[in-house]
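Visitor: First residue of the sequence shown: 1, per UniProt numbering; consecutive thereafter.
Could you have a look at this structure, given as structure tokens, before my questions?
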Amino acid sequence: MNYDSYKREWVEAFTPWKREPKEDPDNSPVFSGDYESFNPKRQRFYLHAQNKHLDVYTKMAALKASTSVVNLESYSGKEEIFQCSGTIIESVDTSSIILTTASLLRCSKARNSIANDIKVIVHLFDGRAFDGHIEAYDFHYNVVAIRIQSDTPLPIASLAHLNDSIMIRPSQLRVTEEKPFQLRPHSNSFDLIPGDSVIALGRFNKKPYDIMAAPGEFSIDRCDYDYFECKELFMATCRITRVTPSHFLF
1 MNYDSYKREW VEAFTPWKRE PKEDPDNSPV FSGDYESFNP KRQRFYLHAQ
51 NKHLDVYTKM AALKASTSVV NLESYSGKEE IFQCSGTIIE SVDTSSIILT
101 TASLLRCSKA RNSIANDIKV IVHLFDGRAF DGHIEAYDFH YNVVAIRIQS
151 DTPLPIASLA HLNDSIMIRP SQLRVTEEKP FQLRPHSNSF DLIPGDSVIA
201 LGRFNKKPYD IMAAPGEFSI DRCDYDYFEC KELFMATCRI TRVTPSHFLF
């Protein structure tokens, strides 16, 4: 073996960038935990390849927003009603508001009524659990605001107003007429075009309450699910275990 060959092998053997292979990050507890476990919801969620194999950008975006995503479960007496995920949208001192689906409250016999003797439990990203109190709800739009009283202020989601006039083609965003330069205030609205990438976030209902990230695309189609009477709901192609309003990243 000549000197150059020996030097090349030595450098390759001791390069600081070479690492032993690590466990598959898709199996890490940050996102999935043991998705082959007994939990049927966990198994169904990861049957979809797009949820099981996430690229690094999807993971970074999901982790950045994950602390504001919670798990909720509701009971009527001792009978479980519903389990879902929600988003912390406001936190003042130790009082926080969570936005989620009104299915959390629905009575099984009358879907536009609140179940009797209802109790809501909220699980945070760090495993802490608090009782939830109904602040406001709307069964038509299928949303409910739940208030919790925690022992510390909580991280909230970064929200933006979605422009009502949905653009069909990206070219519609371009201004065709030349206009004189003017200083205008920054817009707080967000333009979303069919085909734009979105991520639906959720949190599993069992310890350690892993984050769920389901990538997809925004769709111009309307929600035809019979359970929802509101035809103003838009859709995305994200594959989740329940048809509910979700925390979307754009």
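All C-beta atoms, glycine included, are put in the ideal place defined by N, C-alpha and C.
Output needed for Arg106: all residues of its chain with C-beta closer than 8 Å, excluding positions within five of it in sequence on either side, in chain order.
Guide: Position 106 of the sequence shown holds residue 106. Same-chain partners within the cutoff: Ile81, Phe82, Asn112, Ser113, Ile114, Ala115 and Phe139.
Visitor: Cβ atoms of Ser68 and Ala157: under 8 Å apart, would you say?
Guide: The residue you call residue 157 lines up with position 157 of the sequence shown. The residue you call residue 68 lines up with position 68 of the sequence shown. Their beta carbons are under 8 Å apart, which means Ala157 touches Ser68 by this criterion.
Visitor: Taking contact to mean at least 3 C-beta pairs separated by less than 8 Å, is the segment 205-212 in contact with the segment 114-129?
Guide: A contact exists between the segment 205-212 and the segment 114-129.
Visitor: Helix or strand or just coil, what does DSSP make of Ala236?
Guide: Residue numbering aside, residue 236 sits at position 236 when the sequence shown is read from its first letter. In this structure, Ala236 counts as strand in the three-state DSSP scheme.
Visitor: Can you determine whether any heavy atom of the ligand PLP sits closer than 7 Å to the C-beta of Ser95, and answer yes or no?
Guide: In terms of ligand content, the structure shown is empty, and the ligand PLP therefore cannot be addressed.
Visitor: Distance, Cα to Cα, Ile235 vs Val120?
Guide: As a working mapping, residue 235 is identified with position 235 in the sequence shown. As a working mapping, residue 120 is identified with position 120 in the sequence shown. Rather than Ile, the amino acid found at residue 235 in this sequence is Met. When rounded, the distance between both Cα atoms is 27 Å.
Visitor: What span of residues does the beta strand (DSSP E) with Ala65 cover, start to end?
Guide: Position 65 of the sequence shown holds residue 65. No beta strand (DSSP E) contains Ala65, which is instead part of the alpha helix (DSSP H) from Val56 to Ala65.
Visitor: Hey, quick one: how far does the beta strand (DSSP E) through Tyr75 stretch, first residue to last?
Guide: Taking the sequence shown and counting its residues from 1, the one referred to as residue 75 is at position 75. Here the beta strand (DSSP E) through Tyr75 covers Val69 to Ser76.
Visitor: Let me know if Asn163 comes out buried or exposed under the rule of 16 or more other beta-carbons within 10 Å of its beta-carbon.
Guide: To locate residue 163, count along the sequence shown from 1; it is residue 163. With fewer than 16 other Cβ atoms within 10 Å, it is exposed.
Visitor: Can you list, in chain order, the residues of its chain whose CB lies under 6 Å from that of Arg147, leaving out five sequence neighbours each side?
Guide: Taking the first residue of the sequence shown as position 1, residue 147 is located at position 147. Here the set comprises Ile97, His133 and Glu135.
Visitor: For Ile193, which option in Thr94, Glu232, Ile220 and Ala102 has the closest C-alpha, if you only look at C-alpha atoms?
Guide: By 1-based counting over the sequence shown, the position of residue 193 is 193. Selected option, being the one with the closest Cα: Ile220.
Visitor: Ends of the beta strand (DSSP E) at Cys107?
Guide: Residue mapping note: residue 107 aligns to position 107 of the sequence shown, counting from 1. No beta strand (DSSP E) holds Cys107; DSSP gives it neither H nor E.
Visitor: Pick from Ala62, Ser108 and Leu54: whose alpha carbon is nearest that of Ser74?
Guide: The residue given as residue 74 occupies position 74 in the sequence shown. Of the listed residues, the one whose Cα sits closest to Ser74 is Ser108.
Visitor: Out of Asp191, Leu72 and Gly216, which one is the CA nearest neighbour of Ala145?
Guide: Residue numbering aside, residue 145 sits at position 145 when the sequence shown is read from its first letter. Minimum Cα distance to Ala145 is reached at Leu72.
Visitor: Please classify Ala160 as buried or exposed, where buried requires at least 16 neighbouring CB atoms within 10 angstroms.
Guide: Residue mapping note: residue 160 aligns to position 160 of the sequence shown, counting from 1. So Ala160 counts as exposed.
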